[in-house]
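What follows is a short report on a single structure.
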Ligand SMILES: [Zn+2]
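Residue numbers (our numbering), protein chains in the order written: chain V, 720 to 1080; chain A, 7 to 228.
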């Protein structure tokens, strides 16, 4: 089979992503975001996100097709995120994907969102192919996960994840403490510009020796958020102006430090000299800087897909399905649902059984 | 399943209409242009719409025989939002796949048509469905109009379940927990034939998203 032409649908959080790929070639990456609608609430509101997905899906699919210069009848398969993510948001995408696949009579692949983030890397033009094994650090408003990827389509292991807030959520919450708007990531980045990252020593979650025994690769950001809140309150109680730049820079440094430290520990422990970064928080310049700097010192090669492929998108979902197809995987049955806590080991959901006549679909 | 066509031909002899509704259970049906049922598949489970919608669609297609689908009728609620959206998303995507139009129809019309044409209900009656949070959604109908579409007497409204009767003022109450996609398709077909639009593109949410604006950050103390 020549490189499969796949349309991917991603609706796990607040981005309606439609991507079209031909094998490893990106043809369209269309994203409609409802972020502005969430801004006034200071975080993603699931019901608002789900309503926005329903509105955005059809125009986004049409836009992606015209951008890619292909018709629906040309597709080899439809792909969709089954999980993890917000249940009500995921279900809109699942409903649409099933309607489209049945309408067209095309195979449907239900895939894992987190593994999709890794698949985004293979769409990066002019880069060396992804080498295995690799450690992957995925950081966004919805997840903070450390993965050991031995094969994109068949062997991904969860090393650790956040025990409470996702890193992106921590940025949003601390931004609010500092009276900065949503989303917090870019705002904290801006505020931190003239700040001293060493001004305040905020705690590094799950980094004490006692924590490291049990949660070596896990993350926790709620203690950090509380520490920032206390610090701000103390300033107010003492009647001193909150040094926003220093607080922002020091908070960001704590988040970045713990993310990079744990990721590189995984690289060292498992003898894997490769680290892949993904997720929307990778947009944070300081995180990229520190990761690249410290990885280099540790002899670890860092890969960062272009930002447009790091944030949630449909192209990564299509890319993962294209890899599954190329590796001979059968389509999913039509009976899967949305799984808000889908484990990362389930790269494809509900793969259909080998037909009785032994003729692979 | 090879007849994917953007060409609409009103005189095509095998024209069929697909209807999808997930406002209560999951209901999918195909009818002929004259209103005869071709295939019908449904589950009454008020959950699990995402899981079953694909198989139900496939089943009615497989069971319907030859015929080019000319329209997709989408049940627009009212109903629990999460489930309701799944059917609308599937209906729209299906229509997109065939380059055919979507005909949005409020779901209560289907229950009303069933009451009038199958159960021979006469006079005013109220279709009552669960709206979660101890509320019900009510629409009052009375017979059909000249186009064969149930006539609305009072637009859909939400009331606490315990207060429903006081709002009905003696009107016959019909509580419904599943509905016929065949009748939904019939209403859509009649509306389409009459050139009428019964619902907008937005589902009948009847309720704003359940969110509260953030106040000042909570104090954590020291
Ligand atoms: Zn993501």
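Built from N, CA and C at the ideal position, the CB exists for glycine as well.
Being a predicted model, the structure only gives us computed values, none of them experimental.
- Message: Under 9 Å, Cβ to Cβ, is there at least one residue of chain A near residue 777(V)?
- Response: For this step, residue 777(V) is matched to residue 58 along the first chain. So, interface residue.
- Task: Take the Cβ of residue 8(A) as the centre, count every other Cβ of all protein chains shown within 10 Å, and call the residue buried at 16 or more, exposed below.
- Result: Counting from one through the second chain, the residue named residue 8(A) turns up at place 2. Because the pLDDT of residue 8(A) is 32, which lies under 50, any placement of that residue in the model is unreliable, and the number read from its coordinates should be weighed accordingly. Exposed, since its Cβ has fewer than 16 Cβ neighbours within 10 Å.
- Task: Scan the segment 127-213 of chain A and note each continuous alpha helix (DSSP H) run of 4 residues or more that stays entirely inside, going in chain order.
- Result: Listed in chain order, they are 170-174 and 187-199.
- Message: Quick check: residue 857(V) and residue 997(V), are their CB atoms within less than 9 Å of each other?
- Response: Locating residue 857(V) in the first chain gives position 138, counting from the first residue. Locating residue 997(V) in the first chain gives position 278, counting from the first residue. Their beta carbons are under 9 Å apart, which means residue 857(V) touches residue 997(V) by this criterion.
- What residue does the beta strand (DSSP E) around residue 110(A) start on, and which one ends it? Translated into the one-based positions of the second chain, residue 110(A) becomes position 104. First-last of the beta strand (DSSP E) with residue 110(A): 108-111.
- In angstroms, rounded to a whole number, what distance separates the CA positions of residue 901(V) and residue 732(V)? Taking the first chain and counting its residues from 1, the one referred to as residue 901(V) is at position 182. Taking the first chain and counting its residues from 1, the one referred to as residue 732(V) is at position 13. A direct Cα-Cα distance of roughly 16 Å separates residue 901(V) from residue 732(V).
- Outcome for residue 881(V) when other beta-carbon atoms lying within 10 angstroms are tallied against a minimum of 16: For the purposes of this step, residue 881(V) is taken as the residue at position 162 of the first chain. Residue 881(V) is buried by the Cβ-count criterion.
- residue 888(V) beta carbon less than 9 Å from that of residue 1081(V): There is no way to answer for residue 1081(V), as the model of chain V reaches only from 720 to 1080.
- Query: Could you check where the alpha helix (DSSP H) with residue 736(V) kicks off and where it finishes?
  - Reply: In the first chain, counting from the first residue as 1, residue 736(V) sits at position 17. Premise fails: residue 736(V) lies in the beta strand (DSSP E), 734-741, not in any alpha helix (DSSP H).
- Message: Pull the bridge partners of residue 1067(V) from the DSSP assignment, please.
- Response: Numbered from 1 along the first chain, position 348 holds the residue referred to as residue 1067(V). Residue 1067(V) pairs with 830(V).
- Task: Measuring only between beta-carbons, confirm whether residue 1055(V) sits less than 9 Å from chain A.
- Result: The residue given as residue 1055(V) occupies position 336 in the first chain. Yes, residue 1055(V) lies at the interface with chain A (some Cβ there is under 9 Å from its Cβ).
- Item | Opposing strand residues paired with residue 728(V) [DSSP bridges] | As a first step, residue 728(V) must be located in the first chain, where it is residue number 9. Answer is 737(V) and 799(V), bridged to residue 728(V).
- Task: Tell me whether residue 891(V) counts as near ligand 1, meaning its Cβ is closer than 8 Å to at least one heavy atom of that ligand.
- Result: Taking the first chain and counting its residues from 1, one reaches residue 891(V) at position 172. Outside the cutoff, so no.
- Message: Using only CA atoms, which one of 863(V), 930(V), 942(V) and 984(V) lies nearest to residue 1001(V)?
- Response: In the first chain, the residue the question calls residue 1001(V) occupies position 282. The residue with the shortest Cα to Cα distance from residue 1001(V) is 863(V).
- Backbone secondary structure at residue 1080(V) - three-state DSSP: The residue given as residue 1080(V) occupies position 361 in the first chain. In this prediction, residue 1080(V) scores a pLDDT of 45, lower than 50, which makes its location untrustworthy; no coordinate-derived value is stated.
- Query: Can you find a heavy atom of ligand 1 that lies under 8 Å from the Cβ of residue 757(V)?
  - Reply: Reading the first chain from its first residue, position 38 is the one you call residue 757(V). False, no ligand heavy atom lies under 8 Å from that Cβ.
- Any heavy atom of ligand 1 within a distance shorter than 8 Å of the CB on residue 857(V)? The sequence position of residue 857(V) within the first chain is 138, counting from 1. Checking every heavy atom of ligand 1 against the Cβ of residue 857(V), one is found closer than 8 Å.
- Contact set between residue 100(A) and chain V, taken where Cβ atoms lie within less than 8 Å: Counting from 1 along the second chain, the entry for residue 100(A) is found at position 94. The contacting residues are 818, 819, 821 and 822.
- Message: Could you give the first and the last residue of the continuous beta strand (DSSP E) run that contains residue 997(V)?
- Response: In the first chain, counting from the first residue as 1, residue 997(V) sits at position 278. Element bounds for residue 997(V): 993-997.
- Among the residues of its own chain, which have a CB less than 7 Å from the CB of residue 741(V), if the five just before and after it don't count? Numbered from 1 along the first chain, position 22 holds the residue referred to as residue 741(V). 722 and 724.
- Task: May I ask you to list the residues that DSSP assigns as paired with residue 34(A)?
- Result: The residue you call residue 34(A) lines up with position 28 of the second chain. BP columns for residue 34(A) point to 26(A) and 47(A).
- By how many angstroms is the C-alpha of residue 941(V) removed from the C-alpha of residue 802(V)? To locate residue 802(V), count along the first chain from 1; it is residue 83. To locate residue 941(V), count along the first chain from 1; it is residue 222. Residue 941(V) has its alpha-carbon roughly 24 Å from the corresponding atom of residue 802(V).
- The alpha helix (DSSP H) spanning residue 822(V) covers which residue range? Position 103 of the first chain, counting from 1, holds the residue named residue 822(V). Boundaries of the alpha helix (DSSP H) around residue 822(V): 806-823.
- Message: Between the alpha carbons of residue 21(A) and residue 793(V), how many angstroms are there, rounded?
- Response: Counting from 1 along the second chain, the entry for residue 21(A) is found at position 15. Counting from 1 along the first chain, the entry for residue 793(V) is found at position 74. Cα-Cα distance, rounded: 25 Å.
- Specify, as a first and last residue, the run of the beta strand (DSSP E) that residue 864(V) falls within. Residue mapping note: residue 864(V) aligns to position 145 of the first chain, counting from 1. Segment 863-870, the beta strand (DSSP E) holding residue 864(V).
- Taking only beta-carbon positions, decide if residue 828(V) is within less than 9 Å of chain A. By 1-based counting over the first chain, the position of residue 828(V) is 109. Under the Cβ distance rule, residue 828(V) does not count among the residues neighbouring chain A, no pair being separated by less than 9 Å.
- Message: Suppose you measure from the CA of residue 17(A) to the CA of residue 216(A); what does that come to, to the nearest Å?
- Response: Position 11 of the second chain holds residue 17(A). Position 210 of the second chain holds residue 216(A). Below a pLDDT of 50, predicted positions are generally treated as unreliable, and residue 17(A), at 41, falls in that range; no measurement from the model is reported.
- Item | CB contact check: residue 736(V) to chain A, cutoff 9 Å | Locating residue 736(V) in the first chain gives position 17, where the first residue counts as 1. By this cut-off, residue 736(V) is not an interface position.
- Item | Residue environment, residue 936(V), which counts as buried when at least 16 other CB atoms sit within 10 Å | Residue 936(V) sits at position 217 when you count from the first residue of the first chain. The Cβ neighbour count for residue 936(V), taken over all protein chains shown within 10 Å, is at least 16; the residue is labelled buried.
- Message: On the criterion of 16 or more Cβ atoms from any shown chain inside 10 Å, does residue 1075(V) qualify as buried, or is it exposed?
- Response: Here residue 1075(V) corresponds to residue number 356 of the first chain, with the count starting at 1. Its Cβ having fewer than 16 others within 10 Å, residue 1075(V) is exposed.
- Taking the continuous beta strand (DSSP E) assigned at residue 744(V), which residues delimit it? For the purposes of this step, residue 744(V) is taken as residue 25 along the first chain, with counting starting at 1. Start and end: 744-752.
- Using a C-beta cutoff of 9 Å, does residue 1021(V) count as contacting chain A? In the first chain, the residue the question calls residue 1021(V) occupies position 302. No, no contact with chain A.
- Message: Can you tell me whether residue 1062(V) is buried or exposed? The criterion is at least 16 other CB atoms within 10 Å of its CB, across all chains shown.
- Response: If you number the first chain from 1, residue 1062(V) lands on position 343. Answer is exposed; the Cβ neighbour count stays below 16.
- Item | heavy atom of ligand 1 below 8 Å from residue 998(V) C-beta | Counting from 1 along the first chain, the entry for residue 998(V) is found at position 279. Residue 998(V) Cβ: within cutoff of ligand 1.
- Query: Using a C-beta cutoff of 9 Å, does residue 780(V) count as contacting chain A?
  - Reply: Along the first chain, one-based indexing puts residue 780(V) at 61. So, interface residue.
- Query: Comparing the C-beta of residue 948(V) with each C-beta of chain A, is any distance below 9 Å?
  - Reply: To locate residue 948(V), count along the first chain from 1; it is residue 229. Cβ-Cβ to chain A under 9 Å: yes for residue 948(V).
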